[in-house]
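This report concerns only the one structure given below.
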Amino acid sequence: MQIWPGNAYPLGATFDGTGTNFALYSSIAERVELCLLDENGTETSIHLHEVDGSVWHCYLPGIQPGQRYGYRVYGPYAPEHGLRCDPSKLLLDPYAKAIVGQLKNNQALFSYDFNDPTCHIEVDSAPHTMVGVVINPYFNWGHDRPPAHDYSNSIIYEAHVRGMTMRHPDIPAEQRGTYLGLSHPVIIDYLRNIGITAIELMPCHQFVNDTSLQAKGLSNYWGYNTIGFFAPHNGYASDKNSINQVHEFKQMVKAFHEADIEVIMDVVYNHTAEGNHLGPTLSFRGIDNPSYYRLVENSPEHYFDTTGTGNSLNMRSPHTLQLIMDSLRYWITDMHVDGFRFDLASTLARELHEVDKLSSFFDIIQQDPVISQVKLIAEPWDVGEGGYNVGEFPPLWSEWNGKYRDTVRDFWRGEPAMLSEFAFRLSGSSDLYETSGRRPMASINFVTAHDGFTMRDLVTYNEKHNEANGEGGMDGESNNRSWNCGIEGPSEDTAIRQLRQRQIRNFLTTLLLSQGVPMISHGDEIGRTQQGNNNTYCQDNELSWMDWESTPFGRSLLHFTSKLVAFRKTHPIFRRRRFLTSESTRGGGTSIGEIEWLRPDATLMQDSDWQTGFARSLMVFLNGLAIQETDIRGNPIVDDDILITFNAGPEPVIFTIPPSRYAHAWHDVLDTGSHADPGHEYHPGESFPLEGNSVRVLIHFRQYTDPDIEHDEDSFVADVPTLLHPSVS
């Protein structure tokens, strides 16, 4: 075999059409062997002689896509000093673009004796581990281009590749649970009919199926256990015996783009699957442990952990930062994804112990001409001290707004003195984002996500029911801010069923009529349940998969959600690019601002009203003449006026139509309860009832002026009765 010197850049295995360049970073290695494997596992070792800047490299003419490979790194094994080189371990390339195999629970993966962790043993791990594969990077993207939806126009849908497709009857069996299944026309049409603009995929980086879960007959379903930051997870390929995962992932992205839907990836750069000091040696640990991992300063045998998984990546290391940046750029440029949601993002900002919004990680993201231009969404917390940082990320970032989730849940379960907090969340959370120069789209609003109850379970259970996880109920969040509406679990009581269904509609209506970016958790739009399990991370089965079997309530809720999305898209007043103000911007003699907060009797809210413990009702006026924004041609946008009435209490409340200076005529457009009359025209001073635990929306129609958004007022109003009166199952 010919062995040429090759290049130190790029890292990883790079096929150029003739041969493949291999490059691996290790600052502590004394010797590195590149190991080529055939399909039978027979190993051919190549000693790498070329080293530039701690990068070991070579070029092998004739090595084609499909070649399996790994590394053996020779160097010091001294855990007490943070050094864990072990040449008996076949190591995965951190830059591998494709990975084959999964782990098998075996002593060979570990560098210590299970019976005596202080005893170092060397057993070949090759038969039990995962290996990298050389890929062909070429793909016919055709005319693919990113949809590039503005944040303010985005409707995000969080989904799981397997969970979304495993039970869909119209997807071929061999494609269920795969990238091809998720991009099947029935799924894409389903999302388009709802009005989704972006699908946020739970982890698709190559992850490890924990051996501890395998031993219990479970698996790592969610995938927050990354081992390959460049490789699409091989378990989501339709052909399990090939390396088609890269090609199929690209096909999926291309299909979504053709449907004008963006692809956002949930990425886990805060830790890896190698775990704590007693974890397996799979890749980073054996290549350069102190460069890739944050070690405890006075005890480098142990890992500094703010993720709850055993380790944290070393964000002070330029080589770790390079790995993350190279990975992000690769997924943007080669895989064409449109953005990222960063799991436990506070960990990425820890250079010392505290979260620092001026950290190197934020600096290099800010200046990168590629990464800075896509959607960047932080999960703004981790489990370390000072890790909850909602509202504290830099201007380039949007955030999962955990305070929005908590406030909306508390408001609708009837917690006292919630009006002030609820108003902030409804209007875009200016208290969190305005001082840093950000806008309402910095707030990714959600009521439910993968982690926690589904929306249906949120109104069905007060307590978590995680018995299936086998952890004695110790896992999962206990403070769910849920309300079971009077009975724990499913009920045949008609009144309770109606209340629960009304509460779900309340959550969806609040979410989609709030300023900021709404995110829907997959299946909430059809009433998906996990039977009270709020931590299905290990449940790769029907408990967590979407049930596509149609029910009357599921059909009704899906229609309701689709019309809500259409209503939001039709009215730019819900998609403001800057924060609302109650100060007048209309000019002339009126004092009406962009938003007005009113009591049920149509008088303005006073300071004392916001903190009244028993007050659970509120009326919000949105001024269609005061949007103060322009369309892409520079023309001022005028919208209809909107009146939203909320009643989180159990008893009906009488609301009064505001004075004529607001509008002369109003029409019902939405009611999560059952009192609305779409044929009636309401006038100033007239009263109407709002059922307990419900939302009612009225509209004052104006001449619509934004030519870039369709506004078919008549067709929407004609369908209002169906929206107003969802069927009860």
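Position 337, counted from 1, in the sequence shown is what the working numbering calls 331; the numbers after and before it change by one each time, with no gaps.
For every residue, glycine included, the Cβ atom is placed at its ideal position computed from N, Cα and C.
In this text the structure is predicted, and so the values were computed from the model without any measurement.
Expressed to the nearest angstrom, what Euclidean distance is found between the alpha-carbon atoms of residue i and residue j?
i, j, result
"Val331", "Ala489", "46 Å"
"Gly466", "Asn456", "18 Å"
"Phe201", "Gly222", "7 Å"
"Ser146", "Pro566", "9 Å"
"Trp539", "Ala343", "34 Å"
"Asn439", "Phe561", "17 Å"
"Val127", "Phe224", "12 Å"
"Gly95", "Ser236", "10 Å"
"Ala167", "Met158", "13 Å"
"Asp702", "Ile631", "With a pLDDT of 46 at Asp702, under the threshold of 50, the modelled position of this residue cannot be trusted; read the value that follows with caution. One C-alpha to the other measures close to 10 Å."
"Tyr286", "Val155", "29 Å"
"Asn305", "Pro374", "18 Å"
"His296", "Asn187", "51 Å"
"Thr575", "Gly302", "41 Å"
"Val441", "Asp10", "47 Å"
"Asn270", "Asn308", "14 Å"
"Glu536", "Pro653", "53 Å"
Over what stretch of residues does the beta strand (DSSP E) that includes residue i continue unbroken?
i, result
"Gln200", "199 to 201"
"Arg62", "62 to 68"
"Asp400", "No beta strand (DSSP E) contains Asp400, which is instead part of the alpha helix (DSSP H) from 396 to 406."
"Gly6", "6 to 9"
"Tyr297", "293 to 297"
"Trp591", "589 to 592"
Going by other Cβ atoms of all chains shown within 10 Å of its Cβ, with 16 needed for buried, is residue i buried or exposed?
i, result
"Gly0", "buried"
"Trp(-2)", "exposed"
"Trp135", "exposed"
"Phe608", "exposed"
"Ser210", "In the sequence as presented, Ser is not what sits at residue 210; that position holds Lys. Its Cβ having fewer than 16 others within 10 Å, Lys210 is exposed."
"Ile648", "exposed"
"Thr12", "exposed"
"Ile498", "buried"
"Glu194", "buried"
"Ile626", "exposed"
"Cys113", "exposed"
"Pro410", "exposed"
"Glu415", "buried"
"Glu482", "exposed"
"Pro274", "buried"
Can you look up residue i in the DSSP assignment and give me helix, strand or coil?
i, result
"Asp706", "Here Asp706 scores only 44 on pLDDT, less than 50, and its place in the model should not be relied on; the value that follows carries that caveat. Three-state DSSP puts Asp706 in coil, outside helix and strand."
"Tyr286", "helix"
"His444", "coil"
"Asn15", "strand"
"Tyr656", "coil"
"Cys113", "strand"
"Gly222", "strand"
"Lys369", "strand"
"Glu242", "helix"
"Cys52", "strand"
"Ser681", "strand"
"Tyr151", "strand"
"Pro374", "coil"
"Tyr89", "coil"
"Trp604", "helix"
"Cys29", "strand"
"Arg419", "helix"
"Pro389", "coil"
"Ala72", "strand"
"Phe336", "strand"
Where does the unbroken alpha helix (DSSP H) through residue i begin, and where does it stop?
i, result
"Asp357", "354 to 361"
"Lys83", "Per DSSP, Lys83 belongs to no alpha helix (DSSP H) and is neither H nor E."
"Ile326", "312 to 327"
"Ser611", "Run containing Ser611: none in the alpha helix (DSSP H); it sits in the beta strand (DSSP E), 611 to 616."
"Glu409", "First-last for Glu409: undefined, no H or E at that position."
"Arg562", "546 to 564"
"Asp451", "449 to 452"
Is any heavy atom in the ligand GDP found nearer than 6 Å to the beta carbon of residue i?
i, result
"Phe133", "In the structure shown, the ligand GDP is absent, as is every other ligand, since no ligand is present at all."
Legend entry - Cβ pair count under 8 Å reaching 3, the region 687 to 694 against the region 633 to 640: Output reads yes: the region 633 to 640 touches the region 687 to 694.
Inset, instruction - Examine the Cβ distances between the region 60 to 73 and the region 10 to 25 and report whether three or more of them are shorter than 8 Å. - result: Counting Cβ pairs under 8 Å, three or more are found: they touch.
Legend entry - Any 3 or more C-beta pairs closer than 8 Å across the region 82 to 95 and the region 1 to 12: At 8 Å Cβ cutoff, the stretches touch.
Legend entry - the region 445 to 459 / the region 516 to 534 touching (three or more Cβ pairs under 8 Å): Enough Cβ pairs lie closer than 8 Å, so yes.
Inset, instruction - Take every Cβ of the region 349 to 359, pair it with every Cβ of the region 397 to 409, and state whether three or more of those distances are shorter than 8 Å. - result: Not touching, per the Cβ criterion.
Legend entry - Stretch-stretch touch, CB-based, cutoff 8 Å, three pairs: the region 173 to 180 with the region 225 to 234: The answer is yes - the region 225 to 234 touches the region 173 to 180, with three or more Cβ pairs under 8 Å.
Legend entry - the region 495 to 512 contacting the region 442 to 456, beta-carbon criterion three pairs below 8 Å: As far as the Cβ criterion goes, the region 495 to 512 touches the region 442 to 456, which means the pair count is three or higher.
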